[in-house]
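Worksheet: the structure to be examined is printed underneath.
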Amino acid sequence: MAASLSILCLGLTGCFDVGSETQALRAGLVKSAGIELEPEIEIGIGAFTFYLAQAGLRFLDLDEEARIALNTLRSGDVGIYHVRGRTKTSNHSRVLASADKIMSARGWDRVVGVVNRHELVAVYSPQDSLSATDVRLSVVVLQGNKLVIVSARSNVEPLLDLALKQSHLLQKVP
Amino acid sequence: MKYPARSLLSLAALSVLVSLNTSAQNSPPGYVDFGKFSPPTSGEFVEVHIKNNLISMAARLAEKIEPDVAQLLRGLQLVRVNVIGLNDDNHADVEKRIQTIRGELDAKGWERIVTVQKKGEDVSVYLKTRGEETIEGLVVTVLDGKREAVLVNIVGDIKPEKVAVIGEKLNIDPLKKIGRELGKK
Chain Y
123 MAASLSILCL GLTGCFDVGS ETQALRAGLV KSAGIELEPE IEIGIGAFTF YLAQAGLRFL
183 DLDEEARIAL NTLRSGDVGI YHVRGRTKTS NHSRVLASAD KIMSARGWDR VVGVVNRHEL
243 VAVYSPQDSL SATDVRLSVV VLQGNKLVIV SARSNVEPLL DLALKQSHLL QKVP
Chain P
519 MKYPARSLLS LAALSVLVSL NTSAQNSPPG YVDFGKFSPP TSGEFVEVHI KNNLISMAAR
579 LAEKIEPDVA QLLRGLQLVR VNVIGLNDDN HADVEKRIQT IRGELDAKGW ERIVTVQKKG
639 EDVSVYLKTR GEETIEGLVV TVLDGKREAV LVNIVGDIKP EKVAVIGEKL NIDPLKKIGR
699 ELGKK
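Written out as structure tokens, the structure reads:
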């Protein structure tokens with residue numbers, strides 16, 4: 123009974139909480155960039171929940187490609203927020219600088235940053251990223267009054283093998 | 519056991535010197551610090567900064583699809599690209615910074631292999647070589663009229679004949695042209 127309850131709690135925890143990077147970005151941007159956020163969607167799927175889902179997938183009749191794609195994911199979360207007030211282009215610089223500071227303190231580097239009149243996109247990766255079997259990325263997108271934070275952890279090698287296999291199959295098509 | 523104050527001071531001074539020397543040596547020879555750029559109030563801003571950990575991962579992934587590209591990637595340690603949209607507020611400052619960077623590269627013995635100034639476009643390409651067969655660093659600076667400035671720094675062990683491939687893969691026009699010329703030598 124206790125074991126079942128524990129598993130249920132772990133599963134529920136994995137289902138609803140966004141990951142620590144998303145939480146840190148959300149809290150940090152409110153504090154340091156001075157923007158007000160209203161959560162619209164926040165969903166996190168932790169490693170344990172993914173493991174349970176992947177175990178359950180074995181009993182379903184799925185396409186091999188879909189199965190491989192789903193099995194590569196280890197964890198992921200998405201936060202979508204409405205930014206209160208008018209967002210100006212000058213906010214983008216402040217948001218980017220704040221996000222950089224927050225992620226740098228957590229040992230993540232910004233790999234890509236794009237800012238223009240309409241949007242900001244920043245992609246972060248851990249400084250010690252070494253393995254293609256355990257890729258972690260966090261993406262921040264600010265467009266108009268919408269802020270989206272996505273973090274994911276995945277093994278990309280099977281996806282690459284799948285892409286390679288697909289490209290060989292396409293070459294055979296007349 | 520007590521140590522004389524003079525010995526402790528000497529040890530402390532030596533530690534500082536060693537750490538300074540170490541930090542100076544941490545940057546590879548082909549690396550150029552462009553400094554920090556802030557997004558302009560209007561216009562495009564793109565910054566790509568990929569270090570050797572991600573490049574190595576990309577090389578392992580590329581191995582199966584394009585082994586030649588994988589080999590090229592394995593020789594790279596860092597790729598940095600900055601694209602800064604220019605406006606009345608930042609044009610003078612960005613131009614001055616680029617001239618300063620160019621001056622520093624000249625002073626440090628980097629070889630300027632291309633200088634193009636035409637139709638409002640100002641392009642310079644610098645190489646840092648090791649011997650005759652290896653490029654340790656490559657810097658491209660572009661001032662495209664009053665539209666945008668572009669800075670590129672690629673660090674690693676680069677064969678001259680592979681510069682054009684890097685230009686193709688990263689879509690950097692000056693590198694494509696130079697690479698073809700270097701490949702002919």
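Protein sequences, first through last, are from chains Y and P.
End of the first sequence = 296 in this note's numbering, gap-free, step of one.
End of the second sequence = 703 in this note's numbering, gap-free, step of one.
Note that beta-carbon positions come from the ideal geometry of N, C-alpha and C, so glycine has one too.
At a beta-carbon threshold of 8 Å, the residues of chain Y lying near P/Ile568 are Val233, ordered along the chain. Within its own chain, the residues whose Cβ lies closer than 6 Å to the Cβ of Y/Glu241, once the five positions on either side in sequence are excluded, are Gln265, listed in chain order. In the three-state reduction of the DSSP assignment, Y/Asn193 falls in the helix class, which pools H, G and I. Taking P/Lys687 as the centre and dropping the five residues before and after it, the same chain places the C-beta of Val587 closer than 7 Å to its C-beta, in chain order. Contact between the stretch 577 to 587 of chain P and the stretch 631 to 640 of chain P is not established, with fewer than three Cβ pairs separated by less than 8 Å.
Counted as a single uninterrupted DSSP element, the beta strand (DSSP E) harbouring Y/Pro161 occupies residues 159 to 167. Beyond the five residues adjoining it in sequence on each side, Y/Ala146 comes within less than 7 Å, by CB distance, of Ile224, Arg228 in the same chain, given in chain order. Assignment of Y/Asn213 by DSSP, reduced to helix, strand and coil, places it in the helix class. Under the Cβ criterion (8 Å, minimum of three pairs), the stretch 548 to 565 of chain P counts as touching the stretch 662 to 672 of chain P. In the displayed model, Y/Arg148 falls within a helix according to three-state DSSP.
Looking at the backbone, the Cα of Y/Pro280 and that of P/Glu622 are separated by about 46 Å. At least one CB of chain P lies nearer than 8 Å to the CB of Y/Leu218. A direct Cα-Cα distance of roughly 25 Å separates P/Ile684 from Y/Asp250.
Y/Phe172 counts as buried, since no fewer than 16 other beta carbons sit within 10 angstroms of its beta carbon.
Shown here, Y/Glu186 sits in a helix according to DSSP, grouped into three states. By the beta-carbon neighbour count (other beta carbons within 10 angstroms, threshold 16), P/Thr647 is buried. Put simply, of P/Tyr644, P/Ala576, P/Asn600, P/Phe552 the residue whose alpha carbon is nearest the alpha carbon of P/Glu562 is P/Asn600.
It is roughly 14 Å from the alpha-carbon of P/Thr659 to the alpha-carbon of P/Arg665. The shortest C-alpha to C-alpha distance from P/Asp606 to any of P/Ala576, P/Gln589, P/Thr559 is the one to P/Thr559. Exposed is the label assigned to Y/Leu182, since fewer than 16 other Cβ atoms lie within 10 Å of its Cβ. The beta carbon of Y/Ser273 lies closer than 6 Å to those of Gly141, Glu143, Thr144, Asp199, Ser260 in the same chain, with the five residues before and after it left out. With a minimum length of 4 residues, the unbroken runs of alpha helix (DSSP H) contained wholly in the stretch 608 to 653 of chain P fall at 609 to 625.
Distance from P/Ile619 to P/Leu594 at the Cβ level is roughly 21 Å; contact not present, criterion being Cβ atoms closer than 8 Å. The C-beta distance from Y/Gly168 to Y/Ser197 rounds to 5 Å, short enough to fall under 8 Å. Across the stretch 550 to 582 of chain P, CB contacts with chain Y closer than 8 Å involve Ser556, Pro557, Thr559, Ser560, Gly561, Glu562, Phe563, Val564, Glu565, Val566, His567, Ile568, Lys569, Asn571, Leu572, Ser574, Met575, Arg578, Leu579, Lys582, in sequence order along the chain. Annotation: Y/Gln249 is outside any alpha helix (DSSP H) and is labelled neither H nor E by DSSP.
Under the DSSP assignment, P/Gly674 falls in the beta strand (DSSP E) whose first and last residues are 666 to 676.
Your pair P/Val566 and P/Val612 does not check out as a contact, with CB atoms roughly 18 Å apart and the cut at 8 Å. Y/Val205 is outside the set of residues whose beta carbon lies under 8 Å from a beta carbon in chain P.
A distance below 8 Å separates the beta carbons of Y/Val263 and Y/Val243.
Taking Y/Val233 as the centre and dropping the five residues before and after it, the same chain places the C-beta of Val245, Tyr246, Ser247 closer than 7 Å to its C-beta, in chain order. Measuring C-alpha to C-alpha distances from Y/Asp283 to each of Y/Phe170, Y/Lys268, Y/Ala254, Y/Lys153 identifies Y/Ala254 as the nearest.
Y/Tyr203 carries a strand assignment under DSSP once its states are collapsed to helix, strand and coil.
Boundaries for P/Asp606: no alpha helix (DSSP H) harbours it, and the DSSP string shows neither H nor E there.
Across the set P/Ile653, P/Ala682, P/Gln617, P/Lys626, the C-alpha of P/Gln617 shows the shortest separation from the C-alpha of P/Ser642.
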